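Here is the structure we will look at.
Chains as they are written, first to last, in this note's numbering: chain F, 1 to 139; chain V, 1 to 139; chain C, 1 to 139.
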């Protein structure tokens with residue numbers, strides 16, 4: 001059994017913005033030489049999250065709306081009153097979705113359905129470069 | 001340290017439908033010979049998710065209602081207008097809950113509370129057979 | 001590659017209550033001797049969850065409000081009508097957030113942003129001691 005690590009850096013627009021990182025992840029898995037195991041992805045920071053979705057413009061827009069309902073822009077946040085950051089909603093959205101994602105690795109690829117992509121969501125109130133750490137363990 | 005893999009296939013009704021897969025998972029863990037480690041479960045496809053809950057009919061109904069509030073049936077989705085699939089809500093619900101679950105393995109069992117079961121949720125607008133990949137790493 | 005396990009026990013108030021367990025986790029990672037790998041945390045029981053957030057009183061209050069919107073106290077739950085536990089909302093909140101968290105381990109620490117802490121959320125309708133199992137795999 002072995003362990004392979006890598007890092008992905010992607011630009012993202014003002015949140016909620018959803019960026020497809022599947023090609024980046026698949027390249028890392030392909031280069032790892034690991035056929036069977038698990039892949040763990042961690043996005044650094046408290047205003048971003050990771051999940052999977054069909055990366056199709058319509059449903060991405062639907063996801064943004066649902067995420068915005070969880071913690072809407074334009075209502076009062078204690079965080080903003082204390083710090084004036086203006087990104088109280090960003091922290092809450094990111095905490096609800098979570099900063100990490102694990103997937104099975106099979107036949108040298110991460111296990112995904114046909115219409116399923118790995119995405120990072122920037123929830124912050126400004127554009128951010130997001131850093132995702134990839135760890136693959138297997139054989 | 002070693003790695004053991006397996007796959008679970010279960011039938012599910014029109015979403016949101018919640019299926020208990022704890023017996024299936026426990027059988028795999030028991031057969032793996034792994035006493036201490038982690039268990040990773042990945043459900044394939046972008047209209048399903050994994051979590052844990054007390055598998056009791058009342059609270060399962062409560063969970064379905066809460067999931068349906070996150071992305072209700074019967075409102076307009078961009079996904080449906082573009083593709084006519086009618087399952088825009090399914091994609092959004094699944095992305096918010098996430099396609100994977102990890103648990104500690106201790107004393108040859110997955111670590112769960114007394115009233116806690118592992119469930120797959122089918123969010124799709126039709127019955128689906130759902131495939132869950134299980135990976136156990138440990139010793 | 002090696003595996004190190006430990007357990008954290010923390011007291012928590014009536015839910016939703018959010019407790020910072022970052023110092024506990026970092027001590028375990030530091031003592032593990034593992035520089036590179038993954039950390040898996042599992043909270044036992046069906047009325048608790050794990051995530052990360054900036055542990056700042058304002059945004060913790062914002063998170064509690066958002067969690068309470070997902071499954072409010074004071075509405076009718078099937079679980080409560082069947083069992084009279086009064087914690088239907090606790091089960092639903094915990095199932096939506098999930099009982100586990102994985103993070104990358106790098107340079108002997110769990111990978112977190114500058115303003116990002118690991119938290120356990122007690123969703124139960126009474127104070128609870130929560131047990132979190134930690135598993136670290138790496139080298």
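Even for Gly, the Cβ is constructed at its ideal location relative to N, Cα and C.
This structure is a prediction, so every number in the text was calculated from the model and none was measured.
- For residue 5(C), the nearest CB of chain V lies under 8 Å from its own CB, placing it at the interface with that chain.
- Taking 8 Å as the threshold, the shortest C-beta distance from residue 108(C) to chain F does not fall below it.
- For the C-beta of residue 134(F), not a single chain V residue is nearer than 7 Å; the gap to the nearest is close to 15 Å.
- With its beta carbon less than 8 Å from one in chain V, residue 92(C) belongs to the interface.
- 58(F) is the residue among 93(F), 39(F) and 58(F) whose C-alpha sits nearest the C-alpha of residue 78(V).
- Residue 83(F) is outside the set of residues whose beta carbon lies under 8 Å from a beta carbon in chain V.
- Listed along chain V, no residue sits closer than 8 Å to residue 44(F) by beta-carbon distance, the nearest being about 19 Å off.
- Under DSSP, residue 81(C) forms no beta bridge with any residue.
- Look at the region 20-46 of chain F: the residues with a C-beta under 8 Å from a C-beta of chain V are 36, 37 and 38.
- Residue range 37-43 is occupied by the beta strand (DSSP E) that includes residue 40(C).
- Residue 13(F) and residue 128(F) have their C-alpha atoms spaced approximately 7 Å apart.
- The criterion of a C-beta distance shorter than 8 Å is satisfied by residue 9(C) and residue 131(C).
- In terms of Cα proximity to residue 46(F), the closest of 116(C), 11(C) and 135(C) is 116(C).
- In the three-state scheme derived from DSSP, where H, G and I count as helix and E and B as strand, residue 51(C) is classed as strand.
- The DSSP-derived three-state label of residue 56(F) is coil.
- Residue 66(V) has its alpha-carbon roughly 17 Å from the corresponding atom of residue 88(V).
- Under the three-state reduction of DSSP, residue 93(V) is assigned to helix.
- Shown here for residue 118(F): same chain residues with a beta carbon closer than 6 Å to its own, the five before and five after excluded, namely 21, 22, 25 and 52 in chain order.
- With a contact defined as Cβ atoms closer than 8 Å, residue 71(F) and residue 43(F) miss out at about 17 Å.
- When secondary structure is reduced to three states using DSSP, residue 66(C) falls in the helix class.
- The beta carbon of residue 59(C) sits closer than 8 Å to some beta carbon of chain F.
- Where residue 76(C) is concerned, there is no enclosing alpha helix (DSSP H), because DSSP gives it neither an H nor an E.
- Following the DSSP letters along the chain, one finds residue 134(V) inside the beta strand (DSSP E) bounded by residues 128-138.
- Within the DSSP bridge table, the entry for residue 7(F) names 133(F) as partners.
- DSSP places residue 122(V) in the uninterrupted beta strand (DSSP E) bounded by 117-122.
- In chain F, no part has a C-beta under 9 Å from the C-beta of residue 16(V); the shortest such distance is about 14 Å.
- Burial state of residue 98(V) is buried, judged by a 10 Å Cβ sphere holding 16 or more other Cβ atoms.
- Judged by DSSP secondary structure, residue 32(V) falls within the alpha helix (DSSP H) whose first and last residues are 22-32.
- Residue 15(F) and residue 64(F) have their alpha carbons spaced roughly 9 Å apart.
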